[in-house]
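Before any comments, here is the structure.
2 protein chains.
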Amino acid sequence: MNKLKILLVVGDGLGDRQVSILNAKTPLEYADKPVINSLLRSSMIGLMDPIGPGIVPGSDTSHLAIFGLDPRKYYNGRGSFEALGAGAILSGGDVAFRGNFATVDDNLVVIDRRAGRKIEEAEELVKELNQKIPEVQGVKVRFYHGTEHRVSVVLSGDNLSDKVSDTDPHEVGKRILNSEPTDNTLSAKRTANVVNQLTKLVYEVLSRSQLNEKRKAEGLPPANMVLMRGASIHRDLPKLKDYSGLKGAAVSATALIKGVCRSLGMEVVTPPGATGGIDTDYMAKARAAADLLKENDLVFLHIKATDAASHDGKVNEKVRAIEMIDKTIGKVLDTYGSDIIVLFTGDHATPVELKEHSGDPVPILLYVPTNIISDNLSDFNERSARKGSLRVVGLNIIDLLLNYSNRATKYGA
Amino acid sequence: MNKLKILLVVGDGLGDRQVSILNAKTPLEYADKPVINSLLRSSMIGLMDPIGPGIVPGSDTSHLAIFGLDPRKYYNGRGSFEALGAGAILSGGDVAFRGNFATVDDNLVVIDRRAGRKIEEAEELVKELNQKIPEVQGVKVRFYHGTEHRVSVVLSGDNLSDKVSDTDPHEVGKRILNSEPTDNTLSAKRTANVVNQLTKLVYEVLSRSQLNEKRKAEGLPPANMVLMRGASIHRDLPKLKDYSGLKGAAVSATALIKGVCRSLGMEVVTPPGATGGIDTDYMAKARAAADLLKENDLVFLHIKATDAASHDGKVNEKVRAIEMIDKTIGKVLDTYGSDIIVLFTGDHATPVELKEHSGDPVPILLYVPTNIISDNLSDFNERSARKGSLRVVGLNIIDLLLNYSNRATKYGA
Numbered sequence: 001m002n003k004l005k006i007l008l009v010v011g012d013g014l015g016d017r018q019v020s021i022l023n024a025k026t027p028l029e030y031a032d033k034p035v036i037n038s039l040l041r042s043s044m045i046g047l048m049d050p051i052g053p054g055i056v057p058g059s060d061t062s063h064l065a066i067f068g069l070d071p072r073k074y075y076n077g078r079g080s081f082e083a084l085g086a087g088a089i090l091s092g093g094d095v096a097f098r099g100n101f102a103t104v105d106d107n108l109v110v111i112d113r114r115a116g117r118k119i120e121e122a123e124e125l126v127k128e129l130n131q132k133i134p135e136v137q138g139v140k141v142r143f144y145h146g147t148e149h150r151v152s153v154v155l156s157g158d159n160l161s162d163k164v165s166d167t168d169p170h171e172v173g174k175r176i177l178n179s180e181p182t183d184n185t186l187s188a189k190r191t192a193n194v195v196n197q198l199t200k201l202v203y204e205v206l207s208r209s210q211l212n213e214k215r216k217a218e219g220l221p222p223a224n225m226v227l228m229r230g231a232s233i234h235r236d237l238p239k240l241k242d243y244s245g246l247k248g249a250a251v252s253a254t255a256l257i258k259g260v261c262r263s264l265g266m267e268v269v270t271p272p273g274a275t276g277g278i279d280t281d282y283m284a285k286a287r288a289a290a291d292l293l294k295e296n297d298l299v300f301l302h303i304k305a306t307d308a309a310s311h312d313g314k315v316n317e318k319v320r321a322i323e324m325i326d327k328t329i330g331k332v333l334d335t336y337g338s339d340i341i342v343l344f345t346g347d348h349a350t351p352v353e354l355k356e357h358s359g360d361p362v363p364i365l366l367y368v369p370t371n372i373i374s375d376n377l378s379d380f381n382e383r384s385a386r387k388g389s390l391r392v393v394g395l396n397i398i399d400l401l402l403n404y405s406n407r408a409t410k411y412g413a
Numbered sequence: 001m002n003k004l005k006i007l008l009v010v011g012d013g014l015g016d017r018q019v020s021i022l023n024a025k026t027p028l029e030y031a032d033k034p035v036i037n038s039l040l041r042s043s044m045i046g047l048m049d050p051i052g053p054g055i056v057p058g059s060d061t062s063h064l065a066i067f068g069l070d071p072r073k074y075y076n077g078r079g080s081f082e083a084l085g086a087g088a089i090l091s092g093g094d095v096a097f098r099g100n101f102a103t104v105d106d107n108l109v110v111i112d113r114r115a116g117r118k119i120e121e122a123e124e125l126v127k128e129l130n131q132k133i134p135e136v137q138g139v140k141v142r143f144y145h146g147t148e149h150r151v152s153v154v155l156s157g158d159n160l161s162d163k164v165s166d167t168d169p170h171e172v173g174k175r176i177l178n179s180e181p182t183d184n185t186l187s188a189k190r191t192a193n194v195v196n197q198l199t200k201l202v203y204e205v206l207s208r209s210q211l212n213e214k215r216k217a218e219g220l221p222p223a224n225m226v227l228m229r230g231a232s233i234h235r236d237l238p239k240l241k242d243y244s245g246l247k248g249a250a251v252s253a254t255a256l257i258k259g260v261c262r263s264l265g266m267e268v269v270t271p272p273g274a275t276g277g278i279d280t281d282y283m284a285k286a287r288a289a290a291d292l293l294k295e296n297d298l299v300f301l302h303i304k305a306t307d308a309a310s311h312d313g314k315v316n317e318k319v320r321a322i323e324m325i326d327k328t329i330g331k332v333l334d335t336y337g338s339d340i341i342v343l344f345t346g347d348h349a350t351p352v353e354l355k356e357h358s359g360d361p362v363p364i365l366l367y368v369p370t371n372i373i374s375d376n377l378s379d380f381n382e383r384s385a386r387k388g389s390l391r392v393v394g395l396n397i398i399d400l401l402l403n404y405s406n407r408a409t410k411y412g413a
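If you're matching them up, the sequences are chains Z and S in order.
Under full-length UniProt numbering, the residue at position 69 of the first sequence is numbered 69, and the numbers go up by one with no gaps.
Under full-length UniProt numbering, the residue at position 403 of the second sequence is numbered 403, and the numbers go up by one with no gaps.
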């Protein structure tokens, strides 16, 4: 049997509900998607509950499930994925925090939780922090810049714990918080002490930084603090290649998703111009995906723009993002060739009128070039998907891909 | 996001099969149900397997599942639910029995397992038992009157067990049985001894009761024994509020279901006139439900009449009960208002020609007032439900309700 390559395309937050200004169509239903609909001649479509019916997935838990790992067993919080996505190399036991460059006053009261959000000096500030604070109380400290104001903070050492509270007060006008242990272990107490000492040092370094003097001179809020939240302890996850046999690579510009993929041992590519936003360079991502297909069994192409538009309540941008996904898939197929199966779905619904993730099932399309019994539906959307033959959960996806790419191994004799 | 209230309506034993005298329609299909069908304009419908495909649920196991607790993990027998439903307050470790007032002869041979069934003096007999038998061998004993001939018996003390056999011979003409331990533990041996001693004392008290002298004078069978069966040890269950965030209340007149709801920490209301039978005061239940919706997130409205009619094989009564459920839902919505989601289903099928519970899937309707993609079917019944988009198990229900009432919390980031 001819083993086929696999293109897995996830439109983040793709799923939606009826939208009144789209004449009660969903964005996917409304969008012009000639490529996707042309695949329907040899596709099964249907609905997927990423985690389970009604359960509202995060992007991280959903992607874990889609890649075949039950999040109830393997999910350990977002922080370590974000750090991995920002470029950290983590070992089991490292504790990662999500962080924000922020502006605080002399009393450590938060004035701007994002220090203006676009921080040109972020890379340099991170470099300065790494130089001046290599360790605290024997614990190794590393800072990684994500996008905009986002910073990951990683602690490495023995006996660390993620059972510590945030220093981020999550509100402007409040003083930064002491991190406190949230269980009675010595390791939690120790970690909280490290975090509090680290916070003092960060303020000393940043408030004296030349880069912030420059920002102030330009009338910009100084990035003089890193607010820390969401401690998560890193554990090594099973690798996609080991549990599925698939050599996989990912194209994504979103730190969280990049981190999930790196955790699973996948190569991750973020081509220049890919932003994770509505302004991303879709064709650059398509070219990267087509390129990776040559050396990999599975290429995962992640598009964040659908979710970003949904959270902002921008219906037209969501429609446009879907139309660009359509062109992107077309570009990959044109570039790579058609001897490939394609699975297109969302990691969750983010109904654009709701502006938040929801637990609705998401539409799923599985194109297999030859011989399968096609569902023979004429459009791919949340409504037509109800008439399709697939009714699955996220954890089924890898098995489906293995089966229809002729790569599955028999279970039993 | 606007959090919606939740009305959960369960028609006990609602599900059915084709009935010949209804021209091969099911009772739900045959019934006139203008309110329910009017909800279809913005509803998803489908099928639910309360426990799993083909598994025949009891009402207790099914309700546990529908409320989100896996009965395989949490179900411990019916006795403690019945006792709770009859008004008992139980602590972990208490052992509850289902009991019948019965008539026995001088040799303790059962003459009438229900002592005539309608026992006017039941409340007073229970009072007399509680006064005269406060304890046996250091174990506290309490009796609670259910409906008609039904009595719950609760033992409280250290080292009790539910691994004991019934004293109820389950047959007229047989002598009452000695309770025997069904495992080798000392606690089972001790509990069986207590039950046997208790049975002697119950006979002494009841056979000498003035109330039974009066019954005999009136030509009625004396209620001179309590047959005990179905020992179950009580354990505290997780509370709905804790595991779902939902403040819930129930309207039911059925001891078993009231007990399940009380176990989950729900307020339970049985309005005057609610009987658990075909003669129940539906509108009183509707008013109670509408009233409870003001102070609760979820109101559970239980209607037993569908199941009662099914067990009796009374097709027309089942149809009539469904038509009354329709009016009841209409009354709740008229009284409370429409800013609410409604889930209507059964806890199992009791096909009226079978007269027993079956493991068929039950139809389920989920009405969400705005924005969802409606399944656009014109009638709600076992046949049309197969064309709907829902295919779930009981354990999915709470997650679905949380999602579509905008009350779910995201799992992950």
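We put the beta carbon where it would ideally sit given N, CA and C, even for glycine.
Best match in the options for proximity to residue i [C-alpha to C-alpha]
i	options	result
Gly-46(Z)	Gly-412(Z), Leu-400(Z) and Arg-407(Z)	Leu-400(Z)
Leu-206(S)	Thr-191(S), Gln-197(S) and Pro-222(S)	Pro-222(S)
Ser-42(Z)	Ala-290(Z), Arg-229(Z), Thr-328(Z) and Asp-379(Z)	Asp-379(Z)
His-170(Z)	Val-109(Z), Phe-143(Z) and Ser-374(Z)	Val-109(Z)
Ala-115(Z)	Ile-36(Z), Pro-27(Z) and Val-172(Z)	Val-172(Z)
Asp-105(S)	Lys-216(S), Ser-91(S) and Phe-97(S)	Lys-216(S)
Asp-291(S)	Arg-383(S), Val-332(S), Ile-66(S) and Leu-256(S)	Val-332(S)
Arg-175(S)	Ala-289(S), Leu-227(S) and Arg-142(S)	Leu-227(S)
Ala-286(Z)	Ser-156(Z), Leu-69(Z), Ile-303(Z) and Gly-277(Z)	Ile-303(Z)
Phe-81(Z)	Val-151(Z), Lys-127(Z) and Leu-298(Z)	Val-151(Z)
Arg-320(Z)	Leu-256(Z), Asp-32(Z) and Gly-85(Z)	Asp-32(Z)
Ser-310(S)	Ile-322(S), Val-299(S) and Phe-67(S)	Ile-322(S)
Val-299(S)	Gly-276(S), Asp-334(S), Cys-261(S) and Thr-306(S)	Cys-261(S)
Phe-97(Z)	Val-164(Z), Ser-374(Z) and Pro-181(Z)	Val-164(Z)
Segment limits, alpha helix (DSSP H) that includes residue i
i	result
Glu-213(S)	210-217
Phe-97(S)	Careful: Phe-97(S) lies outside any alpha helix (DSSP H), inside the beta strand (DSSP E) at 95-104.
Val-35(Z)	34-39
Simplified DSSP assignment, three categories, for residue i
i	result
Arg-175(S)	strand
Asp-112(S)	strand
Lys-163(S)	coil
Phe-81(Z)	helix
Ile-329(Z)	helix
Pro-221(Z)	coil
Ile-119(Z)	coil
Lys-294(Z)	helix
Leu-240(Z)	helix
Ile-21(Z)	helix
Ile-278(S)	coil
Identity of the residues DSSP links to residue i by a beta bridge
i	result
Ala-349(Z)	Leu-14(Z) and Ser-358(Z)
Pro-363(Z)	Leu-47(Z)
Pro-57(Z)	Tyr-411(S)
Met-228(S)	Gly-99(S)
Arg-142(S)	Val-154(S)
Glu-148(Z)	Its beta-bridge partners do not exist; DSSP assigns none.
Lys-302(S)	A quick correction: the sequence has His, not Lys, at residue 302(S). Answer by DSSP bridge pairing, in chain order: Val-10(S).
Pro-181(S)	Val-164(S)
Phe-344(Z)	Val-9(Z) and Leu-365(Z)
Endpoints, the beta strand (DSSP E) within which residue i is located
i	result
Val-269(Z)	267-269
Ala-249(Z)	248-251
Val-392(Z)	390-393
Pairwise C-alpha distance: residue j and residue i
i	j	result
Leu-365(Z)	Asn-371(Z)	16 Å
Ala-24(S)	Gly-388(S)	21 Å
Leu-4(S)	Asn-406(S)	7 Å
Gly-277(S)	Phe-344(Z)	52 Å
Gly-265(S)	Ile-397(S)	18 Å
Leu-256(Z)	Leu-160(Z)	23 Å
Asn-155(Z)	Val-95(Z)	The sequence shown places Leu at residue 155(Z), rather than the Asn named in the question. Each residue's alpha carbon lies about 5 Å from the other.
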